[in-house]
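Q:
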Amino acid sequence: MFEKFLERWGTEELIKVEGNFSPLIIGSGVSDIFQKELLTYASFDFGGLVILFRRQYGMFFFSMDRYRGSSDAALTEYLAHEGAFRYEEDFKKLWKQAEAWYTAYPPAELEKLPSEELVSLFREISTAFQMFYVYSIFVEAIDKDYIEEHFLEEGGTEEGAERFCEISARPTFDSFALRADEMLISSAPAHETQYVFSSYFITPPIEEIETRKRDLIESRGGVEGITKEIAEIRAELARNKKEGEAYRSTLSPRLQKLFDFMQLCMYMRDIRRSPIDKIVALVSNIARILIAREGLDASYAPFVLPRDISTGSYRTVEGKEEIKHRKEEGVVLYSTAEENADRFENVPQLQERIAELLRGSDEILAGKTAYPGLVRGKAQIILSEADFPRFEKGNILVTSMTRPEFVPIMKKASAVVTDEGGITCHAAIVSRELKLPCITGTKKATLILKDGDLVEVDAENGIVKKIG
Numbered sequence: 006m007f008e009k010f011l012e013r014w015g016t017e018e019l020i021k022v023e024g025n026f027s028p029l030i031i032g033s034g035v036s037d038i039f040q041k042e043l044l045t046y047a048s049f050d051f052g053g054l055v056i057l058f059r060r061q062y063g064m065f066f067f068s069m070d071r072y073r074g075s076s077d078a079a080l081t082e083y084l085a086h087e088g089a090f091r092y093e094e095d096f097k098k099l100w101k102q103a104e105a106w107y108t109a110y111p112p113a114e115l116e117k118l119p120s121e122e123l124v125s126l127f128r129e130i131s132t133a134f135q136m137f138y139v140y141s142i143f144v145e146a147i148d149k150d151y152i153e154e155h156f157l158e159e160g161g162t163e164e165g166a167e168r169f170c171e172i173s174a175r176p177t178f179d180s181f182a183l184r185a186d187e188m189l190i191s192s193a194p195a196h197e198t199q200y201v202f203s204s205y206f207i208t209p210p211i212e213e214i215e216t217r218k219r220d221l222i223e224s225r226g227g228v229e230g231i232t233k234e235i236a237e238i239r240a241e242l243a244r245n246k247k248e249g250e251a252y253r254s255t256l257s258p259r260l261q262k263l264f265d266f267m268q269l270c271m272y273m274r275d276i277r278r279s280p281i282d283k284i285v286a287l288v289s290n291i292a293r294i295l296i297a298r299e300g301l302d303a304s305y306a307p308f309v310l311p312r313d314i315s316t317g318s319y320r321t322v323e324g325k326e327e328i329k330h331r332k333e334e335g336v337v338l339y340s341t342a343e344e345n346a347d348r349f350e351n352v353p354q355l356q357e358r359i360a361e362l363l364r365g366s367d368e369i370l371a372g373k374t375a376y377p378g379l380v381r382g383k384a385q386i387i388l389s390e391a392d393f394p395r396f397e398k399g400n401i402l403v404t405s406m407t408r409p410e411f412v413p414i415m416k417k418a419s420a421v422v423t424d425e426g427g428i429t430c431h432a433a434i435v436s437r438e439l440k441l442p443c444i445t446g447t448k449k450a451t452l453i454l455k456d457g458d459l460v461e462v463d464a465e466n467g468i469v470k471k472i473g
C-alpha cells in the first residue's frame with residue numbers, strides 16, 4: 006500500500022513529524038473522517054497521510070506542498086471576508102462543547118456509564134477531535150517566508166517586511182503553557198487538572214495526577230518559582246500587546262488584516278491545546294474503562310484504534326490479539342479523503358525507507374528563526390518524554406517538534422532546533438516567551454545530527470551546522 010502513497014505524493018516535498026504518538030490518540034484525531042471533512046469544509050485535499058507506530062513512538066509523513074495550501078486557502082478567505090471568520094467561530098463553538106464534556110464526565114462519572122453509552126460518547130468526542138484539526142490546520146504551515154511573501158503582495162515594502170514578521174509573530178495572549186502553569190499551582194482537584202498532563206500518547210490515569218503535579222512543581226523550583234515565571238511572562242505579553250497595537254495603527258487596512266490573520270494563527274495554534282488535551286483525557290479515560298471491562302490491562306489502551314471501539318472488536322478474542330500485536334510490533338495507518346486503513350508491516354524498515362527520502366546529503370541545516378541568537382554547544386536528540394530524564398542542562402535541544410510537555414527541558418536548553426514548525430508553532434511561541442534562541446522547520450535535524458555533536462546554532466540567519 007505504501008507504493009500507492011509514493012505514487013500519490015509524486016514529486017511533492019514530504020514532511021516528517023515524530024514523537025510520543027499512539028494509535029489511540031492520533032487515530033482519534035486524524036484518521037476516519039478528518040480528510041473527508043477537510044475536503045467538504047475547506048474544499049481542500051490534504052492528500053495521502055501515512056502514520057507509523059511502534060511501542061511508544063510514532064511518525065507522520067505527508068506532503069508539505071499540500072500543508073502550505075491549507076494556509077493559502079484560509080488566508081484568501083480571511084482577507085476577503087467581513088465580520089466573523091467561520092474557521093474561528095466554528096473553533097470556538099467546538100471549544101465550548103469540549104469544555105462541557107470535560108466538566109460533565111470526570112473519570113468517576115465515566116465509570117458509572119454502561120459500555121454502550123461510553124462507546125457512543127467516544128464516537129462523538131472522536132468526531133469533535135478531528136473537527137478541531139479541520140478548523141485549525143491552516144495555522145500550522147505559516148513561516149517567515151510565507152509572511153514576507155504576503156506582506157509584499159498586500160503592498161508592504163521589502164524594508165518593512167522584517168519588522169512586520171517580528172511584531173506580528175509576538176504572542177500577545179495567555180499561551181497554553183501559561184494557563185497550564187496557573188492550573189498547576191492552583192488548588193484545583195485532580196480531575197480538573199488531569200488534562201494538563203495529556204500527551205499524544207495518552208493521558209495518565211487520575212490516580213497518578215497528584216504525584217505528577219507535585220513532582221513537576223518541585224522540578225520547576227516550587228510554587229514560588231512558577232509564580233515568578235508567570236509574572237515575567239505576563240509583563241512581556243503586556244509590552245507585546247502595547248507595541249503591537251501601536252505598530253498595527255501605522256499599517257494600511259489590507260496589511261492590518263494580514264497582521265490580524267497572523268495573530269489569529271498564533272492564538273489558535275497554541276490555545277487549541279487546551280480543548281484538545283481535554284478531549285485526549287476523555288478519550289484516554291474511556292478507552293481504559295472499556296478495555297478493563299473486557300479483561301485487558303490498561304497498558305494496552307494507547308494501542309486501541311477508534312475502529313476497535315466503534316465496531317466492538319475490542320471485545321472479541323481476535324480484536325484483543327490485534328491490540329496486543331500493535332503494542333509489540335506496531336502498525337501503519339494510511340489515510341486519504343477516500344479511505345482509511347491500518348496494516349501490520351515492518352515498521353522500522355518502512356521508517357528508515359521514508360527517512361532516506363528526507364535525509365539527503367546536505368550537512369548544513371537551514372530553517373526559520375523563531376528567536377534570534379548565536380549558540381555553540383552539544384546537540385542532544387529528544388524525540389519523546391522517555392528521553393527527558395537524560396537531557397543535560399545547557400545542551401542544544403534537537404527534536405522533531407516541541408509540545409507543552411517539552412517546556413521543562415526547553416528551560417534547561419541553550420537553544421532549540423526542530424525539524425518541523427513555522428512561526429506559529431509551539432517551539433516558536435515558547436522560545437519567544439523564554440528568549441531562547443530557536444530555529445524551526447529544518448526538516449531533517451534529527452536525521453543529520455547525533456547526540457554529542459558540537460554544533461553552531463545561528464538563529465540570526467536560520468543556520469545550524471556541525472563545528473567539530
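Going by our numbering, the letters in the sequence shown line up with residues 6 to 473, in that order.
Where is the CB? At the ideal position from N, CA and C, for every residue including glycine.
Would you call Q199 buried or exposed, if buried means 16 or more other Cβ atoms sit within 10 Å of its Cβ?
A: Buried, by the Cβ-count rule.
Q: Please list, in chain order, all residues of the same chain as V139 whose beta carbon is under 6 Å from its beta carbon, the five residues on each side excluded.
A: If we look at V139 and ignore the five residues flanking it on each side, its Cβ neighbours are E42, L43, Y46.
Q: Between which two residues does the alpha helix (DSSP H) containing K448 stretch?
A: First-last for K448: undefined, no H or E at that position.
Q: Leaving out five residues on either side along the sequence, give the residues of the same chain with a beta carbon under 6 Å from the beta carbon of T407.
A: H431, A432.
Q: Grouping DSSP H, G and I as helix and E and B as strand, with all else coil, what is S340?
A: Strand at S340.
Q: Count the other CB atoms within 10 Å of the CB of T204; is the residue buried (16 or more) or exposed (fewer)?
A: Looking at the sequence provided, one finds Ser at residue 204 rather than Thr. Label assigned to S204: buried.
Q: Taking 6 Å as the limit between beta carbons, can you name the residues of its chain near I142, skipping five residues before and five after?
A: Excluding positions up to five away in sequence, the list reads S75.
Q: Nearest to A185 by alpha carbon, out of A166, G457, I468, P409?
A: Considering only alpha carbons, the answer is P409.
Q: Tell whether a beta-carbon distance below 8 Å holds between S131 and V288.
A: In this structure, V288 lies closer than 8 Å to S131 by Cβ.
Q: Evaluate contact between the segment 11-24 and the segment 60-73, counting only Cβ atoms and requiring at least three cross-stretch pairs below 8 Å.
A: Flag = yes, the segment 11-24 and the segment 60-73 touch.
Q: If you reduce the DSSP assignment to three classes, tell me which class F143 lands in.
A: F143: helix per DSSP, three-state reduction.
Q: Counting only runs of 3+ residues fully inside the segment 384-446, write out the beta strand (DSSP E) ranges in chain order.
A: Complete beta strand (DSSP E) runs here, min 3: 401-404, 420-423, 443-445.
Q: Tell me the DSSP secondary structure of F65 in three-state form.
A: If DSSP states are grouped into helix, strand and coil, F65 belongs with the strands.
Q: State the DSSP-derived secondary structure class of D282, mapped to helix, strand or coil.
A: Three-state result, D282: helix.
Q: Measuring alpha carbon to alpha carbon, tell me which residue in R168, D150, V337 is nearest I56.
A: The shortest Cα separation from I56 among R168, D150, V337 belongs to V337.
Q: Considering just the uninterrupted stretch of the beta strand (DSSP E) at E23, what are its terminal residues?
A: Element bounds for E23: 19-24.
Q: Per DSSP, what kind of secondary structure is N345 in: helix, strand or coil?
A: Strand.
Q: Is the CB-CB distance between G230 and T374 below 8 Å?
A: No, the Cβ-Cβ distance between G230 and T374 is not below 8 Å.
Q: Could you check the C-alpha separation between R259 and Y83 for me, to the nearest Å?
A: Approximately 11 Å, taken between the alpha carbons.
Q: Roughly how many angstroms separate the alpha carbons of D77 and L157, rounded to a whole number?
A: So the alpha carbons of these two residues sit roughly 15 Å apart.
Q: Mapping DSSP to helix, strand and coil, what is A371?
A: It is a strand residue.
Q: Considering only the beta carbon of each residue, do F308 and L29 sit closer than 8 Å?
A: Yes, Cβ-Cβ distance for F308 and L29 is below 8 Å.
Q: So, is G457 buried or exposed, given that buried needs 16 or more other C-beta atoms within 10 angstroms?
A: Classification of G457: exposed, given that the 10 Å Cβ count is below 16.
Q: Residues in the same chain with beta-carbon distance under 8 Å from D70, minus the five sequence neighbours each way, listed in chain order, please.
A: Closer than 8 Å at Cβ, skipping near neighbours: E17, E18.
Q: Provide the residue(s) that pair with L57 in DSSP beta bridges, ordered along the chain.
A: According to DSSP, L57 bridges with M64, V337.
Q: Evaluate A418 with the Cβ neighbour count: other Cβ atoms within 10 Å of its Cβ, from every protein chain shown; 16 or more gives buried, anything less gives exposed.
A: Buried, since its Cβ has 16 or more Cβ neighbours within 10 Å.
Q: Whose C-beta lies closer than 7 Å to the C-beta of G473 among residues of the same chain, with five residues either side of it excluded?
A: The residues are L459.
Q: Sort out for me which residues DSSP pairs R91 with in a bridge.
A: R91 is not bridged to any residue.
Q: Relative to the alpha-carbon of I428, which residue among G15, S224, S173, P119 has its alpha-carbon at the smallest distance?
A: Ranking G15, S224, S173, P119 by Cα distance to I428 puts S173 first.
Q: Decide if M6 is buried, meaning its Cβ has at least 16 other Cβ atoms within 10 Å, or exposed.
A: Under this definition M6 is an exposed residue.
Q: With a cut-off of 8 Å, do at least 3 Cβ pairs link the segment 256-276 to the segment 157-169?
A: Yes: at least three Cβ pairs fall under 8 Å.
Q: Between which two residues does the alpha helix (DSSP H) holding L459 run?
A: First-last for L459: 459-463, but that is the beta strand (DSSP E), not the alpha helix (DSSP H).
Q: Beta carbon of N345, beta carbon of D37: below 8 Å?
A: Going by C-beta atoms, N345 is nearer than 8 Å to D37.
Q: For R437, count the other beta carbons within 10 Å of its own beta carbon; 16 or more makes it buried, fewer makes it exposed. Which is it?
A: Buried, since its Cβ has 16 or more Cβ neighbours within 10 Å.
Q: Tell me where the alpha helix (DSSP H) around I190 begins and ends.
A: It is not in any alpha helix (DSSP H) - I190 carries neither H nor E in the DSSP assignment.
Q: Shortest alpha-carbon distance to K218 belongs to which of D313, E121, R239, P194?
A: Of the listed residues, the one whose Cα sits closest to K218 is P194.
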